[in-house]
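Undergrad: In this note's numbering, the protein residues as written are 127 to 585. Every residue gets a Cβ at the ideal spot worked out from N, C-alpha and C, and that includes glycine. No experiment lies behind these values; they were computed from the predicted model shown. Dropping the structure in here first, questions after.
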Amino acid sequence: MGHYVRLRRVFGILEFDRAGSDSRVRRSFQRFMNFLPVVDRELRVMVRLPRTYYSRSLAALVVAVTSLGMLYAGFGGLVSAISAGRSLFVALSVLAYVFVLLEGAFLTADCLSQEKREGTIGLLFLTDLKGYDIVAGKLVSRSLNAAYCVLAALPALGLSIFLGGVTGSDFFRMTVALLNGLFFSVSFGILISALCWSERHALSGALLGVLMFGFVLPALGHALMHFTKGPAVHPFFLVLSPGGSFLSALGAGKGVISTPDFGWSWFTSHLLSWTFLGLACVILPRAWQDKKIALSLNRRFRWTFWRADQAAAMPCSRGTAGRWLNVNPMLWLGERPGQKGLGVAAFFVLFAIGWIVGWILYRSLWLDLPIYVGSAFILHLVLMYATTLLACRGSAEDCRSGVMELLLTTPVGDDVIVRGRMLAVKRQLFRPVLFVLSADFVLMIAGCFRIGPSFEIIG
């Protein structure tokens, strides 16, 4: 009987200790979940969204089709069997690098500015939430799908190891470089979103900043090479860019960037990403309130009224406006002063000036096929972005402000609204499209003369 009592006492102590440990674990878990409540809430929302699941499947499908195309080229004799693995690795890596930079900026450029426009940021700050709670929630939720897409592409990227020409260390470094590029673009987009209120300004600022860090800085380093006669890309411009670790992992270190610089480039760009997040955490609690903007509004109104007066003073402006109003009211709405997209024209003017400056600095080195192809690619990319922005922005703003609901109550039909939007976009982009076509023609003629009068590339 005494042994039974002692055993009960022992097991009672054990049960008590186990219950105490379970409660301590439960309290620790609750404290951890309360540490970042916005992250928990955003993750629960993302779990219920269908795109969380089909986006990674779509990414895997695209990568699989690209891999099959490269394998067909390798086994079909279009590419040597020795370089098939290397070609597949380079092609998938370049596509993934462009994807992580642009997708990260697209996903996070309007995550905080939208909350500020809707007035929900102030409600969040009425609670015990801090700036880092909201920033961490947006960081995790907005980067989740892109991270899944990158992870879905890694098996196809690892297939190049078995084809030859790629080592396991190259695959590991490329994985780290791609995830670092995604983290960099997402962090920069969150910072821009914390600074901006307008969706257009936030998206444009995030894209321009990511393009500057990811592509323009390495290009500046390459241009600096012609003056310093140093390595193919100046190390300073690669250390500040996520493209430095990407180029090193790509195996372009021979003459471009040495392999040991991968760690420094990754560490610097990673530290810069955390700096962006820290600035967003500090800026967000101070940037959501309405500021005193009377001076800026007065300047804007003066500029708008001046443009309206100038338009009214023109003898043909009233007749032109009346003519477009009789043709289509939505077309007349797009032709009003202040509605035309002048940013595209300004970019093309700056691009032409930069191209001329590059030709003056480098002369014959500038007149080469890679410059022609790259210039045409940039022009078409900007034109497609401007077309998409102008086509979507007007309807989205009308739906958000309630103007579309008022238009649908008028005799103006759906076909008139759609046709007017299309005509307005065509008229706004007529000169930019004409400029791009002219530039294509000039670059094509210059490329033909660069290749030779026999056009051997066609044969």
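For a quick check, are the C-beta atoms of K256 and C237 less than 7 Å apart?
TA: Within the sequence shown, residue 256 is the residue found at index 130, counting from 1. Within the sequence shown, residue 237 is the residue found at index 111, counting from 1. Contact: no.
Undergrad: Is Q554 close to the ligand ATP? I mean its beta-carbon at under 6 Å from any heavy atom of the ligand.
TA: Of the ligands one can find in the structure shown there are none, so the ligand ATP has no counterpart to examine.
Undergrad: Between which two residues does the alpha helix (DSSP H) holding G284 run?
TA: Against the sequence shown, residue 284 aligns to sequence position 158. From DSSP, the alpha helix (DSSP H) with G284 extends over 257–289.
Undergrad: Just to confirm, is the Cβ distance from A272 to V336 under 7 Å?
TA: Position 146 of the sequence shown, counted from the start, is the residue given in the question as residue 272. Position 210 of the sequence shown, counted from the start, is the residue given in the question as residue 336. Contact: no.
Undergrad: Assign M196 to buried or exposed, taking buried as 16 or more other Cβ atoms, counted over all protein chains shown, within 10 Å of its Cβ.
TA: The count along the sequence shown starts at 1 and reaches residue 196 at position 70. Per the 10 Å Cβ criterion, buried.
Undergrad: Locate the alpha helix (DSSP H) running through P163, then write down its first and last residues.
TA: On the sequence shown, residue 163 is found 37 positions in, with the first residue counted as 1. Here the alpha helix (DSSP H) through P163 covers 163–173.
Undergrad: Determine the DSSP secondary structure at Y511, reduced to helix, strand or coil.
TA: Counting from one through the sequence shown, the residue named residue 511 turns up at place 385. The answer is helix: DSSP assigns Y511 an H, G or I state.
Undergrad: Please classify R241 as buried or exposed, where buried requires at least 16 neighbouring CB atoms within 10 angstroms.
TA: For the purposes of this step, residue 241 is taken as residue 115 along the sequence shown, with counting starting at 1. Reading off the sequence, residue 241 comes out as Glu, not Arg. Per the 10 Å Cβ criterion, buried.
Undergrad: Within 8 Å, do at least three Cβ pairs link the region 269–284 to the region 210–226?
TA: Contact between the region 210–226 and the region 269–284 is present, because at least three Cβ pairs lie under 8 Å.
Undergrad: If contact is defined by three or more beta carbon pairs under 8 Å, each pair taking one atom from either stretch, is the region 300–320 in contact with the region 183–198?
TA: With a cut-off of 8 Å, the region 300–320 and the region 183–198 do not count as touching, because too few Cβ pairs lie within range.
Undergrad: Assuming contact is defined by CB atoms lying nearer than 7 Å, are S374 and P344 in contact in what I supplied?
TA: Your numbering for residue 374 matches position 248 in the sequence shown. Your numbering for residue 344 matches position 218 in the sequence shown. For S374 and P344, no; Cβs fall outside 7 Å.
Undergrad: Helix, strand or coil: which one does DSSP assign to G500?
TA: The count along the sequence shown starts at 1 and reaches residue 500 at position 374. Correct three-state label for G500: helix.
Undergrad: With DSSP as the reference, label A235 as helix, strand or coil.
TA: Taking the first residue of the sequence shown as 1, we reach residue 235 at position 109. In the structure shown, A235 sits in coil (DSSP, three-state: anything other than H, G, I, E or B).
Undergrad: So which of A565, A572, A517, E531 has the shortest CA-CA distance to Q554?
TA: Within the sequence shown, residue 554 is the residue found at index 428, counting from 1. Q554 has its Cα closest to that of A517, out of A565, A572, A517, E531.
Undergrad: For W392, count neighbouring Cβ atoms within 10 angstroms of its own Cβ and tell me buried if that reaches 16, exposed if not.
TA: To locate residue 392, count along the sequence shown from 1; it is residue 266. That one is buried.
Undergrad: Would you mind sorting S324 into buried or exposed? The rule is 16 or more other CB atoms within 10 Å of its CB.
TA: Your numbering for residue 324 matches position 198 in the sequence shown. Classification for S324: exposed.
Undergrad: Tell me whether S311 sits in a helix, a strand or coil according to DSSP, three-state version.
TA: In the sequence shown, residue 311 corresponds to position 185, counting from 1. If DSSP states are grouped into helix, strand and coil, S311 belongs with the helices.
Undergrad: Closest Cβ-Cβ distance between L197 and chain C: below 7 Å?
TA: In summary, chain C is missing from the structure at hand, where a single protein chain is found.
Undergrad: In whole angstroms, give me the CA-to-CA distance for A565 and K552.
TA: Within the sequence shown, numbered from 1, the residue matching residue 565 stands at position 439. Within the sequence shown, numbered from 1, the residue matching residue 552 stands at position 426. Each residue's Cα considered, the two are about 19 Å apart.
Undergrad: Apart from the five residues just before and just after A512, which ones in its own chain have a Cβ nearer than 6 Å to its Cβ?
TA: For the purposes of this step, residue 512 is taken as the residue at position 386 of the sequence shown. Correct list, in chain order: V470.
Undergrad: Give the straight-line distance between the Cα atoms of P496 and V483, rounded to the nearest whole angstrom.
TA: Here residue 496 corresponds to residue number 370 of the sequence shown, with the count starting at 1. Here residue 483 corresponds to residue number 357 of the sequence shown, with the count starting at 1. Approximately 17 Å between the Cα atoms of the pair.
Undergrad: P176 to R326, Cα distance in whole Å?
TA: Here residue 176 refers to the residue found at position 50 when the sequence shown is read from its first residue. Here residue 326 refers to the residue found at position 200 when the sequence shown is read from its first residue. Roughly 27 Å separates the two Cα atoms.
Undergrad: Out of curiosity, what's the CA-to-CA distance linking S181 and S490?
TA: In the sequence shown, the residue the question calls residue 181 occupies position 55. In the sequence shown, the residue the question calls residue 490 occupies position 364. Rounded to the nearest angstrom, the two C-alpha atoms are 45 Å apart.
Undergrad: Quick one: grab the DSSP three-state call for C322.
TA: The count along the sequence shown starts at 1 and reaches residue 322 at position 196. C322: coil per DSSP, three-state reduction.
Undergrad: Measuring only the C-alpha atoms, how far is W485 from C322?
TA: Within the sequence shown, numbered from 1, the residue matching residue 485 stands at position 359. Within the sequence shown, numbered from 1, the residue matching residue 322 stands at position 196. Cα-Cα distance, rounded: 36 Å.
Undergrad: For the alpha helix (DSSP H) containing V408, list its first residue and its last residue.
TA: As a working mapping, residue 408 is identified with position 282 in the sequence shown. Counting along the chain, the alpha helix (DSSP H) containing V408 begins and ends at 387–413.
Undergrad: Verify whether the separation of the beta carbon atoms of I316 and T401 is less than 7 Å.
TA: Reading the sequence shown from its first residue, position 190 is the one you call residue 316. Reading the sequence shown from its first residue, position 275 is the one you call residue 401. Contact: no.
Undergrad: Going by CA-CA distance only, name the one from I318, A550, V266, F477 that's closest to I504.
TA: Along the sequence shown, read from residue 1 onward, the residue named residue 504 stands at position 378. Nearest option by C-alpha distance: F477.
Undergrad: State the start and end residues of the unbroken alpha helix (DSSP H) segment that holds L555.
TA: Counted from its first residue, the sequence shown places residue 555 at position 429. That residue, L555, is in no alpha helix (DSSP H); it is neither H nor E in DSSP.
Undergrad: Is M570 buried or exposed, if buried means 16 or more other CB atoms sit within 10 Å of its CB?
TA: On the sequence shown, position 444 is the one that residue 570 refers to. Exposed, because fewer than 16 other Cβ atoms sit within 10 Å of the Cβ of M570.
Undergrad: Is the separation between the beta-carbon of G340 and that of G377 shorter than 7 Å?
TA: Counting from one through the sequence shown, the residue named residue 340 turns up at place 214. Counting from one through the sequence shown, the residue named residue 377 turns up at place 251. Cβ atoms of G340 and G377: not closer than 7 Å.
Undergrad: What number of angstroms, rounded off, separates the C-alpha of A572 from the C-alpha of L493?
TA: On the sequence shown, residue 572 is found 446 positions in, with the first residue counted as 1. On the sequence shown, residue 493 is found 367 positions in, with the first residue counted as 1. Straight-line Cα distance between these residues: approximately 8 Å.
Undergrad: Under the assumption that G291 contacts S209 (Cβ atoms under 8 Å), give the Cβ distance between them as a whole number of angstroms.
TA: Position 165 of the sequence shown holds residue 291. Position 83 of the sequence shown holds residue 209. Going by Cβ atoms, the distance from G291 to S209 rounds to 6 Å, so yes, they are a contact pair.
Undergrad: Put D494 into one of helix, strand or coil per three-state DSSP.
TA: Residue mapping note: residue 494 aligns to position 368 of the sequence shown, counting from 1. Note: D494 maps to coil in three-state DSSP.
Undergrad: Does A472 pass the burial test, meaning 16 or more other C-beta atoms within 10 Å, or should it be called exposed?
TA: The residue labelled residue 472 in the question sits at position 346 within the sequence shown. That one is exposed.
Undergrad: Rounded to whole angstroms, what's the CA-CA distance from A622 to A278? Just pull it up for me.
TA: Examination of residue 622 is not possible in this model, given that the chain is present from 127 through 585 alone.
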